[in-house]
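Heads up: the structure comes next, in structure tokens.
Protein chains in written order, with the working numbering: chain X, 1337 to 1606; chain S, 841 to 1108.
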């Protein structure tokens, strides 16, 4: 019996904690708990209003059972065509604008001033949510799909140029050098040394952005920049949940088809 | 160039070349048609007049009304809370959905998996602003609607990335736990969860960062946060206040991006 007393105390095995230092671990945990308490404490909820709204919530869910495509079909189809055309034009324009910005934002191609300028454009475009940009563009260019199209093109730059620039920075230098060694000009160097290496990624990103632009085109309409969003907003304002459900179902269906198609194309390209 | 009858180098065969050319033709035609549709719906006078308007607005935006900042701390705090609480709430709903959607952990591949995928795609296709529009109509304006809107939109995003991570786990580690005679819950806790934990933390922080950006506009439809102030400033054309709001939004977004990059860097 004396042998067991000498054994170290046995306790069940536990995994290693993610943060090794217990002070940091507890500090972060307690800090986060305090923040949560403060955050939840400041939420101001009108429970009576929520309670009254539950009926409407059920009405909306029920509307998904019998969506009404017909009575506002004219508005829906107009909004849809506007959304789809905005998506196509803004994606094409966005790609055309992002390629030069991406070239400028790749540290291995551009000198420092150009690099900083292009990174600035990307940061600006990424910081603002599409809707805020749409508000400003509506104020500048008037209501309608033109402002929405510009918004989506601008948002495309931040997304596409950033990811493309990162891809350009990761290219295999030796291939680009081989083109330089043959005496190719700067444009030839871009075209044969760099472009083939980033093309699959560019195609993949463009298809992904097409998808995002369609989804976003559904919201910019809320602030008057054209597209299906305006129709949807009106439907909600009138509590016409069956029409709203129909629009949402159409959006979901189009996004699903687009996602499936772009998946197929990306598989073929890569 | 002398005609020798020899075939020169061609990247593609002629039929493929034609097909590519035809594809471009279709693409350009589609673009032109779409452009014309937009153009028809545009009042071109406003567009040609825009340089004057831009100069005008630009002139009014400066100098910014910095004193307005005092009224913005409370809405900004709300905005951050909407993003954080919304992300947390989404986490609790997204994790079960992800496990139901992953091929290797789904309880039933023919009924439950398609259902989980449907939840993911519906949540992803509808922007948080639309969710907010809907929730404001249902539960009234306020921060709560914003939190729900953010979390409903985030479920799909988190669940999609998480289930892809679950499908990519190393199966040998799971088997090792299984051979020790562990039950289903133990296999989950010691075989699967440790493998996806880094990816999971990365996804959550990434989504939180996106949600900060999204929650800045929820106020436009009445779902709380700084968007409300933006809306009211725009309505009374108080451009100096708009500048302050935009600067504050940029600062917050850059800060959250910095935090998320630091955390992801520490994890990976």
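Cβ atoms here follow ideal geometry from the backbone N, Cα and C, with glycine treated the same way.
Could you tell me how far apart the beta carbons of residue i and residue j are, in whole angstroms, since I believe they sit closer than 8 Å?
i, j, result
"residue 897/S", "residue 1079/S", "6 Å"
"residue 1048/S", "residue 923/S", "6 Å"
"residue 998/S", "residue 1028/S", "Not a contact, Cβ separation roughly 18 Å."
"residue 1507/X", "residue 1533/X", "5 Å"
"residue 946/S", "residue 1051/S", "Not quite, the Cβ-Cβ distance comes to about 27 Å (not below 8 Å), so this is no contact."
"residue 1536/X", "residue 1605/X", "5 Å"
Do residue i and residue j have their C-beta atoms closer together than 9 Å?
i, j, result
"residue 1358/X", "residue 1585/X", "no"
"residue 1454/X", "residue 1497/X", "yes"
"residue 1591/X", "residue 961/S", "yes"
"residue 1444/X", "residue 1488/X", "no"
"residue 1438/X", "residue 1501/X", "yes"
"residue 1056/S", "residue 1482/X", "no"
"residue 1419/X", "residue 1554/X", "yes"
"residue 1007/S", "residue 942/S", "yes"
"residue 1476/X", "residue 1425/X", "no"
"residue 995/S", "residue 968/S", "no"
"residue 954/S", "residue 1083/S", "no"
"residue 916/S", "residue 1066/S", "yes"
"residue 1564/X", "residue 1416/X", "yes"
"residue 985/S", "residue 1042/S", "no"
"residue 1034/S", "residue 1107/S", "no"
"residue 1602/X", "residue 1538/X", "no"
"residue 1598/X", "residue 1523/X", "no"
"residue 1009/S", "residue 1030/S", "no"
"residue 1046/S", "residue 1100/S", "yes"
How would you list, in chain order, the residues of chain S whose beta-carbon sits under 7 Å from the beta-carbon of residue i?
i, result
"residue 1572/X", "973, 974 and 977"
"residue 1608/X", "This structure does not reach residue 1608/X, given that chain X is present from 1337 up to 1606, and the question cannot be answered."
"residue 1609/X", "This structure leaves residue 1609/X out entirely; chain X is present only between 1337 and 1606."
"residue 1467/X", "969, 1057 and 1060"
"residue 1421/X", "874, 877 and 878"
"residue 1551/X", "965 and 967"
"residue 1544/X", "Those do not exist, as residue 1544/X stays about 12 Å from chain S at its closest Cβ, beyond 7 Å."
"residue 1480/X", "881, 882 and 883"
"residue 1418/X", "881"
"residue 1375/X", "921, 924 and 925"
Strictly below 9 Å CB to CB, what residues from chain S border residue i?
i, result
"residue 1584/X", "962, 965, 966, 970 and 974"
"residue 1378/X", "914, 917, 918, 921 and 983"
"residue 1396/X", "974, 977 and 978"
"residue 1528/X", "Under the 9 Å cutoff, chain S gives no residues; its nearest Cβ is about 12 Å from residue 1528/X."
What I want to know is whether the C-beta of residue i ends up closer than 8 Å to one or more non-hydrogen atoms of the ligand SAM.
i, result
"residue 985/S", "The ligand content of the structure shown is nil, which means the ligand SAM is not present either."
For the alpha helix (DSSP H) containing residue i, name the first residue and the last one.
i, result
"residue 1529/X", "Where residue 1529/X is concerned, there is no enclosing alpha helix (DSSP H), given that its DSSP letter is neither H nor E."
"residue 1415/X", "1409-1440"
"residue 951/S", "First-last for residue 951/S: undefined, no H or E at that position."
"residue 1363/X", "1358-1377"
"residue 1388/X", "1383-1401"
"residue 929/S", "913-941"
"residue 1595/X", "1577-1605"
"residue 1447/X", "Run containing residue 1447/X: none; DSSP gives neither H nor E here."
"residue 1098/S", "1079-1107"
"residue 1001/S", "983-1007"
"residue 1498/X", "1498-1505"
"residue 1122/S", "With chain S represented from 841 up to 1108, any question about residue 1122/S goes unanswered, as that position is not in the structure."
"residue 1489/X", "1481-1492"
"residue 883/S", "Premise fails: residue 883/S is in no alpha helix (DSSP H) and is neither H nor E."
"residue 1468/X", "1466-1477"
"residue 1380/X", "It is not in any alpha helix (DSSP H) - residue 1380/X carries neither H nor E in the DSSP assignment."
"residue 1012/S", "1011-1019"
"residue 1053/S", "1033-1055"
"residue 1027/S", "1024-1027"
"residue 850/S", "First-last for residue 850/S: undefined, no H or E at that position."
"residue 971/S", "968-979"
"residue 891/S", "890-901"
Name, please, each residue of chain X whose Cβ falls closer than 7 Å to the Cβ of residue i.
i, result
"residue 871/S", "1424, 1425 and 1428"
"residue 1054/S", "1465"
"residue 890/S", "1476 and 1477"
"residue 1093/S", "1463"
Against residue i, what residues of chain X qualify as contacts under a CB-to-CB distance less than 9 Å, listed in chain order?
i, result
"residue 948/S", "Within chain X, no residue comes near residue 948/S; the closest Cβ sits about 21 Å away, beyond 9 Å."
"residue 897/S", "1472, 1475 and 1476"
At a CB-CB cut-off below 8 Å, which residues of chain S make contact with residue i?
i, result
"residue 1382/X", "980 and 982"
"residue 1559/X", "1060"
"residue 1575/X", "977"
Residue i versus chain X: which residues are under 8 Å apart at the beta carbon?
i, result
"residue 854/S", "What residue 854/S touches in chain X: nothing, since even the nearest Cβ is about 21 Å away."
Original post:
With a cut-off of 8 Å, do at least 3 Cβ pairs link the segment 1374-1385 of chain X to the segment 976-984 of chain S?
Top reply: Using a Cβ-Cβ distance cut-off of 8 Å, the segment 1374-1385 of chain X and the segment 976-984 of chain S are in contact, since at least three pairs of beta carbons, one from each stretch, lie closer than that value.
**OP:** Report yes or no: do three or more beta-carbon pairs, one from the segment 1549-1566 of chain X and one from the segment 968-975 of chain S, lie closer than 8 Å?
**Re:** The segment 1549-1566 of chain X makes contact with the segment 968-975 of chain S; the number of CB pairs closer than 8 Å reaches 3 or more.
Original post:
Are the segment 1419-1430 of chain X and the segment 1467-1479 of chain X touching, with three or more C-beta to C-beta distances below 8 Å?
Top reply: Output reads no: the segment 1467-1479 of chain X does not touch the segment 1419-1430 of chain X.
Subject >> Cβ contact check for the segment 907-921 of chain S and the segment 1514-1530 of chain X: 3 or more pairs under 8 Å >> reply: No, the segment 907-921 of chain S is not in contact with the segment 1514-1530 of chain X.
Original post:
Are the segment 1388-1406 of chain X and the segment 1576-1584 of chain X touching by the rule of at least three beta carbon pairs closer than 8 Å?
Top reply: By the criterion of at least three beta-carbon pairs nearer than 8 Å, the segment 1388-1406 of chain X is in contact with the segment 1576-1584 of chain X.
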